[in-house]
Structures are given as structure tokens and as C-alpha cells.
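Residue numbers (the numbering used here): 102 to 376.
Ideal Cβ positions, reconstructed from N, Cα and C, are used throughout, including at glycine.
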Ligand code: ARG
């Protein structure tokens with residue numbers, strides 16, 4: 102019987118993570134955050150440790166940046182920078198509560214021997230709004246990253262940049278509404294985008310895996326794929342089924358504490374592409 106899918110090939114990755122040592126929800130900069138709701142930092146650390154261990158078991162390399170007291174959102178390293186070919190664009194955050202994370206990331210990359218480390222002139226929140234699919238960068242805006250930042254990222258990295266506009270405040274970063282599965286496949290929640298962006302996505306990725314509202318609301322799209330294995334929140338049950346149907350291997354993870362800050366596995370994971 103012929104194979105229904107191309108063979109899915111995992112590629113080892115290098116990720117930057119930050120332990121949630123100082124994680125709590127003490128301000129609200131997205132609709133998921135409620136400072137009245139108690140958080141359990143110890144549980145957040147244990148859930149995060151499991152995610153880190155899982156990456157290593159799957160053959161990936163995890164590098165760590167030290168957490169900084171007073172920066173509870175620093176666990177979401179995906180927002181700190183965009184890294185491609187040894188060049189680093191350090192994020193400039195939308196909200197002052199997170200602004201100091203940029204300095205921490207800049208210092209970390211400068212110490213790490215990267216070819217070029219540049220601080221973004223325009224507001225962009227790293228891989229929160231920048232998703233690389235092969236040689237094409239899908240760039241979100243609407244809530245955090247400024248549209249002008251898209252030209253800056255194009256100029257620095259020399260890749261094709263396609264702008265997508267988000268419309269639902271619950272899906273405020275591109276990585277809450279979309280995930281990259283491999284070099285030419287994505288999954289996404291169409292209703293998080295303007296009609297124009299939906300049309301663009303349909304034409305570019307006609308076979309994309311689509312998520313329904315229930316899966317999007319549990320951050321099912323805040324997923325990390327190595328080309329074959331896809332780590333996603335365990336609550337996203339039907340999306341996991343759709344991934345299996347498309348030949349991927351879903352791996353459920355529980356990050357319920359970090360969900361209270363409005364993040365999931367992808368938010369805690371910045372891909373380092375040193376070369
Ligand atoms: N509390 C953080 C914020 O609102 C969560 C960031 C989640 N990160 C992500 N890549 N979506 O900025």
C-alpha cells in the first residue's frame with residue numbers, strides 16, 4: 102500500500118530555555134493573565150523541568166539563560182529574540198513589564214559568540230511573532246509586534262517575510278495561533294487571522310493542519326515540532342488526532358501553571374539556529 106504521507110524526519114534542535122524560578126502572575130498584559138488567580142511556582146518549575154527533560158530525551162540540546170528576579174515572564178524565552186544563521190535580533194517588548202528581558206537576552210547572546218547581535222529598533226517579540234517555515238518567515242502583528250518590524254527582520258536575515266495580521270486578543274502572538282511542523286508544513290487556527298491573512302495561508306499551505314476553537318483555546322497551537330515529534334498541550338486532544346492523521350507524532354505535555362501567564366510549550370522554547 103502506498104504511504105499516505107512523506108516520511109516525517111526529525112532534525113535535532115538547539116533550544117534556549119529559562120527556568121520559571123520567579124514565575125508568578127502579578128500583572129495582566131494578555132487576556133489569560135489574572136493576578137487574582139493563585140500560581141504555584143514550585144509546580145511551574147516541575148512542569149518546566151519535564152519539558153526540558155523531554156527535549157533532551159528526544160535528542161535535542163537545551164541551553165539555559167539565568168532567570169532574573171522581578172521578571173516573571175522571562176520563562177517565555179521564545180519572546181526574547183529571533184536567531185537565524187548566527188545572527189540575533191534581540192526583541193524590543195511592547196509592555197514595560199517585560200522591557201528588561203531584552204538586556205538579559207542581549208548579554209546572553211553577546212557572551213555566546215554569535216556573529217551579530219542587534220537590538221530591534223521596532224517592537225517585535227521574537228519568535229512569539231516570527232515563525233520560520235523553511236526559508237520563509239511568517240511574521241505576525243496586530244497586538245505586539247509592529248508591522249514596521251517586519252521590514253527590519255527581512256533586512257537583517259535576508260529571508261522572505263510574509264506579514265500576517267491577528268485579530269483575536271486571546272491569540273495575541275502568532276505562536277498562539279500557529280505552529281511550524283516542518284520546512285513546508287504548518288498548523289493554525291484560521292479565525293485568529295484577518296480574512297486577507299486567511300486567504301494567504303490557504304494559498305500557501307493548502308494541506309495545513311487546521312485547529313478548531315477548542316484546541317486553540319487550550320493553546321494547542323503553541324506547539325514545538327522537530328519535523329516529526331510535536332510537543333503540544335495535553336488538553337488539545339482533537340488536534341493531536343489530526344497531527345497523527347497527518348503522519349506526525351504528537352507528544353502531550355502538561356504546562357498548566359505556565360498557561361496562567363498566557364503561554365505554552367512553544368513560548369518556553371526559543372530555537373537557536375547558530376549556523
Ligand atoms: N505573559 C507573557 C506575555 O503576555 C506570555 C508570553 C507568551 N509567549 C509566547 N511566545 N506567546 O507577554
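Selection from 188, 224, 271, 149 that minimises the alpha carbon distance to residue 215: Of all alpha-carbon atoms in 188, 224, 271, 149, the one lying nearest the alpha-carbon of residue 215 is that of 188.
Run the proximity test for residue 131: is its beta-carbon closer than 6 Å to any non-hydrogen atom belonging to the ligand ARG? Yes - the ligand ARG has a heavy atom lying nearer than 6 Å to the Cβ of residue 131.
Beta-carbon within less than 7 Å of residue 114's beta-carbon, same chain only, minus the 5 sequence neighbours each way: which residues are those? So the list reads 161, 327, 372, once near-sequence residues are dropped.
Using a Cβ distance threshold of 8 Å, determine whether the segment 227-235 contacts the segment 179-188, with at least three qualifying pairs required. Three or more beta-carbon pairs separated by less than 8 Å link the segment 227-235 to the segment 179-188, which places the two stretches in contact.
Which stretch, first to last residue, makes up the beta strand (DSSP E) that contains residue 262? Residue range 261-266 is occupied by the beta strand (DSSP E) that includes residue 262.
Curious, which full-length beta strand (DSSP E) runs of at least 3 residues does the segment 258-311 contain? Listed in chain order, the complete beta strand (DSSP E) runs (minimum 3 residues) inside the segment 258-311 are 261-266, 279-283, 286-289.
Segment limits, beta strand (DSSP E) that includes residue 359: Residue 359 -> not in any beta strand (DSSP E); alpha helix (DSSP H) instead, spanning 357-360.
Buried versus exposed, by CB contacts within 10 Å (16 or more), residue 370: Taking every protein chain shown into account, the CB of residue 370 has 16 or more other CB atoms within 10 angstroms, so this residue is buried.
What are the start and end residues of the beta strand (DSSP E) that includes residue 183? Per DSSP, residue 183 belongs to the beta strand (DSSP E) from 182-185.
Within 10 angstroms of the Cβ of residue 196, are there 16 or more other Cβ atoms? Answer buried if so, exposed if not. The residue in question, residue 196, is exposed, as its Cβ has fewer than 16 Cβ neighbours within 10 Å.
Residue 356 beta carbon less than 7 Å from that of residue 365: At the C-beta level, residue 365 and residue 356 come within 7 Å of one another.
For residue 146, the first and last residue of its enclosing alpha helix (DSSP H): Start and end: 142-158.
Does the Cβ of residue 123 lie closer than 6 Å to at least one heavy atom of the ligand ARG? When distances are taken from the beta-carbon of residue 123 to the heavy atoms of the ligand ARG, even the shortest one reaches 6 Å or more.
Proximity test, residue 328 beta-carbon vs the ligand ARG heavy atom, cut-off 6 Å: In this structure, residue 328 has its beta carbon at no less than 6 Å from each heavy atom of the ligand ARG.
Local conformation of residue 251 per DSSP, three classes: Helix, per DSSP.
Under 7 Å between C-beta atoms of residue 172 and residue 202: Taking 7 Å as the Cβ cut-off, residue 172 and residue 202 qualify as a contacting pair.
If you measure from the CB of residue 180, is any heavy atom of the ligand ARG nearer than 6 Å? It does: the Cβ of residue 180 is within 6 Å (strictly closer) of some heavy atom of the ligand ARG.
Residue 174: CB within 6 Å of a non-hydrogen atom of the ligand ARG: It does: the Cβ of residue 174 is within 6 Å (strictly closer) of some heavy atom of the ligand ARG.
Heavy atom of the ligand ARG within 6 Å of residue 316 beta-carbon: For the ligand ARG, not one heavy atom lies less than 6 Å from the Cβ of residue 316.
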